[in-house]
Amino acid sequence: MRKTDVLIVGAGPTGLSLACQLIRYGIDFVLIDRKETTTPHSRAIGVQARTLEIYEQIGIAKALIALGKPAEMVRLIESGEVRGEAVLKDIGAGLSPYPYMLVVDQGLHESLLYKYIVSHGRSVDWQTHLDSFDQDSSGVTASVTNGSGISETIRAKYLAGCDGAKSTVRHSLGLTFEGDTVERLFYVADVRIDWQYSHEALHVCLARHTITAFFPMAGENRYRIVGTFPEGHAADEGEILYEEIERQIKIDTEMELNISNVNWFSVYKVHSRAVNEFSNGRCFVAGDAAHIHTPAGGQGMNTGIQDGYNLAWKLAFACKGIAGSDLLSTYNEERLPNAQRLLRTTDRMFQFGASDDWFISYIRTQIFPYVAGFALSLDTVKKALFPLVSQIGINYRESSLSVDDADFDVKAGDRMPFFRIGHNIYDQIRAPKFHLLTFGGNGTHKTARSFGELVDTHTLPLTDEIMAHFGAFHPFAVLLRPDNHIGLISNEISEEALREYFENINIRPERLRRS
Ligand SMILES: Cc1cc2nc3c(=O)[nH]c(=O)nc-3n(C[C@H](O)[C@H](O)[C@H](O)COP(=O)(O)OP(=O)(O)OC[C@H]3O[C@@H](n4cnc5c(N)ncnc54)[C@H](O)[C@@H]3O)c2cc1C
């Protein structure tokens, strides 16, 4: 019997990125996947700013950016004519070190994560699938079978089901997957396009019944096209030939375009569903195993990566024996409302993009293309829209891990705002532990000394930029969780306040010193 701390089932973006995080914490894992290797397909191509911030912590953000292309601008097209344009390349300027959406193949993205895992002396058990598992009070016992048909038992302290939309883990745990299936058939195609438009822009064609998007990808004139067939389209997913897709693109966009070199295409049904719970005992679900939605807004894969990021530090602390089920239960507490909110947002985005309703359709084709360019140039619109789409706005304000002891604009549960103090603040808080930050004070070194390995300390100036970001105009302190969300924010954080915070969430720093 193989023993490990965490058995991860599924090496898609969610499972691979969870494994990368566990490496940061020095936690042992076994990662299995029934496939032969990482996906060869482009699938989810939009990488959001929050994902890049997470990758910056493990040192792979630059490498991923080098594999893709930021979406620099958007052109809105209606009846074959450009009706509006907006610059996207710095739409989140001042809000994130990555103020744009990166466009990169999921295949290249997964390969990079896999390379990180291998470069740290770990691997994936490819061609190995989960057959069944049981859990008891001290762990999970799983039966897996490899590509040669040999079965093996793996004993783990915890199990993470990152096994996609048809998740065996979710089914075995008896979790529900409530929601709907979207009537329309979606298509994606990776192609070369020769047309009058320059390659740096995302092109969005708005039509009476649908929306068709062309994402610029790395490579000369290469684009990913995403669109839908009209409601009631007769054929089934498996029956549609590429020629039908091309015909639909030409009808919907009314554009002069020459499509060639079709690398890959796929037709699929989209569902909008989420689990009722993200965990059951020692088992957790993450990514598509826990929530699936329309591709509107490029949220799916990024949300899975954030699930793993939220779960990783909690699993790590539990494996090290300094936290237990109380901390682990906050994974469900924090990620379930986020998934439910996401479903509502992506459903609304999809409704706006493809609804047949005459009023929505009128706004989509006759008003939106003309005003969107101007609206996106306004600072207030950028500041509202970018946090939503880039996922930097996700917060855990309602979580039992969030304690506000002051009335600032930034609250406990928010992601640490981005700012520079000569250097990027995120460069200073990469270590996989809590961080105590004192702004305009000098007491942190003394306060946190007795928390040794668990908390590091930073004394920072209270600049005008920091005051504006936080809405705090006198010295204050912040306790950041290892995932850089704020746990505690107060005018001052004393040693006693820190101790009380950890006691309330059942984290025992003294056990870390012993382990
Ligand atoms: C054609 C297509 C286009 C898409 N386009 C977009 C897009 O434009 N934007 C977007 O946001 N999302 C898109 N998606 C969705 C996106 O790809 C997923 O959100 C993302 O892959 C989810 O990652 P994941 O790791 O959670 O699951 P997956 O990528 O599905 O990975 C799950 C892994 O688990 C493995 N597995 C399953 N069962 C077992 C088992 N019993 N034992 C061992 N291994 C198992 C599978 O082999 C797989 O590798 C698209 C998906 C498809 C199919």
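Residue numbers for the sequence shown follow the working numbering, beginning at 4 and rising by one. Cβ atoms here follow ideal geometry from the backbone N, Cα and C, with glycine treated the same way. A quick note: this is a predicted structure, and the numbers were derived from the prediction, not measured.
One question on the structure: do ALA210 and GLU81 come within less than 9 Å of each other, judged by their Cβ atoms?
Cβ distance < 9 Å, so ALA210 and GLU81 count as in contact.
Distance between beta carbons of SER99 and ILE395, contact taken as under 8 Å
Yes, ILE395 and SER99 are in contact; Cβ-Cβ is about 5 Å, under 8 Å.
Can you tell me whether ARG53 is buried or exposed? The criterion is at least 16 other CB atoms within 10 Å of its CB, across all chains shown.
Looking at its Cβ environment, which holds 16 or more other Cβ atoms inside 10 Å, ARG53 is buried.
Distance cut-off 8 Å: MET304 Cβ against heavy atoms of ligand 1
Yes.
Check whether GLN109 and PRO16 have beta carbons under 9 Å apart
Yes, these two residues count as a Cβ contact at 9 Å.
Could you check where the beta strand (DSSP E) with ASP8 kicks off and where it finishes?
Annotation for ASP8: the continuous beta strand (DSSP E) segment containing it runs 5 to 12.
Contact belief for TYR399 with SER405 at Cβ below 8 Å, rounded distance in angstroms:
About 6 Å separates the two Cβ atoms, so the contact holds.
Using three-state DSSP, classify ARG511 as helix, strand or coil.
In this structure, DSSP gives ARG511 a state outside helix and strand, which the three-state scheme calls coil.
C-alpha gap between TYR161 and LEU318, whole angstroms
Each residue's Cα considered, the two are about 8 Å apart.
Cα separation between HIS123 and ILE26?
Distance between the alpha carbons of HIS123 and ILE26 is about 8 Å.
When VAL278, HIS202, ILE48 and GLU259 are compared against SER170, the one with the closest alpha-carbon:
Out of VAL278, HIS202, ILE48 and GLU259, VAL278 has the C-alpha closest to the C-alpha of SER170.
Which residue wins for smallest C-alpha separation from SER493, given the options ASP407, GLY444, ILE508 and THR333?
Nearest of ASP407, GLY444, ILE508 and THR333 to SER493, Cα basis: ASP407.
Quick check: is any heavy atom of ligand 1 less than 8 Å from the C-beta of ALA387?
Checking the Cβ of ALA387 against ligand 1 gives no.
Can you list, in chain order, the residues of its chain whose CB lies under 8 Å from that of TYR245, leaving out five sequence neighbours each side?
Excluding sequence neighbours, TYR245 sits near ALA192, VAL265 and PHE268.
Mind checking whether TYR271 and PHE232 have CB atoms under 9 Å apart?
Result no, Cβ atoms of TYR271 and PHE232 do not sit closer than 9 Å.
Taking 9 Å as the threshold (C-beta atoms), are ARG195 and ARG225 in contact?
Contact: yes.
What's the call for SER141, buried or exposed, on a 16-neighbour Cβ count within 10 Å?
Per the 10 Å Cβ criterion, exposed.
At a cut-off of 8 Å, would you count LEU482 as near ligand 1, judging by its Cβ distance to the nearest heavy atom?
No, Cβ of LEU482 sits at least 8 Å from all heavy atoms of ligand 1.
Regarding PRO16 and ligand 3, is the C-beta to nearest heavy atom distance less than 8 Å?
Absence of ligand 3 is noted for the structure shown, with ligand 1 being the only ligands found.
Backbone secondary structure at ALA96 - three-state DSSP
It is coil, neither helix nor strand.
Just to confirm, does CYS165 get its C-beta within under 8 Å of one of the non-hydrogen atoms of ligand 1?
Because some heavy atom of ligand 1 lies under 8 Å away, the Cβ of CYS165 counts as near it: yes.
DSSP state of VAL220 mapped onto helix, strand, coil:
For the record, residue 220 in the displayed sequence is Met; it is not Val. For MET220, the secondary structure class from DSSP, reduced to helix, strand or coil, is coil.
Considering only C-alpha positions, which residue in the set GLU203, VAL207, PRO435 and LEU133 is nearest to ARG173?
Of the candidates GLU203, VAL207, PRO435 and LEU133, LEU133 places its Cα closest to the Cα of ARG173.
Rounded distance between the beta-carbons of ASP459 and HIS438, thought under 8 Å:
About 6 Å separates the Cβ atoms of HIS438 and ASP459, confirming a contact at the 8 Å cut-off.
Under 8 Å from any heavy atom of ligand 1, does the C-beta of PRO219 make it?
Taken from the Cβ of PRO219, every heavy atom of ligand 1 lies 8 Å or farther away.
What does the Cβ neighbour count give for HIS477, buried or exposed, with the cut at 16 atoms within 10 Å?
Under this definition HIS477 is an exposed residue.
What are the partner residues of HIS132, as DSSP defines its beta bridges?
Per DSSP, THR148.
For the alpha helix (DSSP H) that HIS112 lies in, which residues bound it at each end?
For HIS112, the enclosing alpha helix (DSSP H) begins and ends at 109 to 122.
So what does DSSP say about VAL392, is it helix, strand or coil?
Looking at VAL392 - three-state DSSP - the assignment turns out to be helix.
For LEU116, which of ALA66, GLY164 and VAL85 has the nearest alpha-carbon?
The candidate whose alpha carbon is nearest that of LEU116 is ALA66.
Of the choices ILE35, TYR429, GLN138 and ASN487, whose alpha-carbon is the least far from that of ASN149?
Distances from the alpha-carbon of ASN149 to those of ILE35, TYR429, GLN138 and ASN487 put ILE35 closest.
Between the alpha carbons of ASN261 and ARG86, how many angstroms are there, rounded?
Distance between ASN261 and ARG86, taken at the CA atoms: about 21 Å.
Does ligand 1 have a heavy atom nearer than 8 Å to the CB of HIS44?
HIS44: yes, Cβ under 8 Å from ligand 1.
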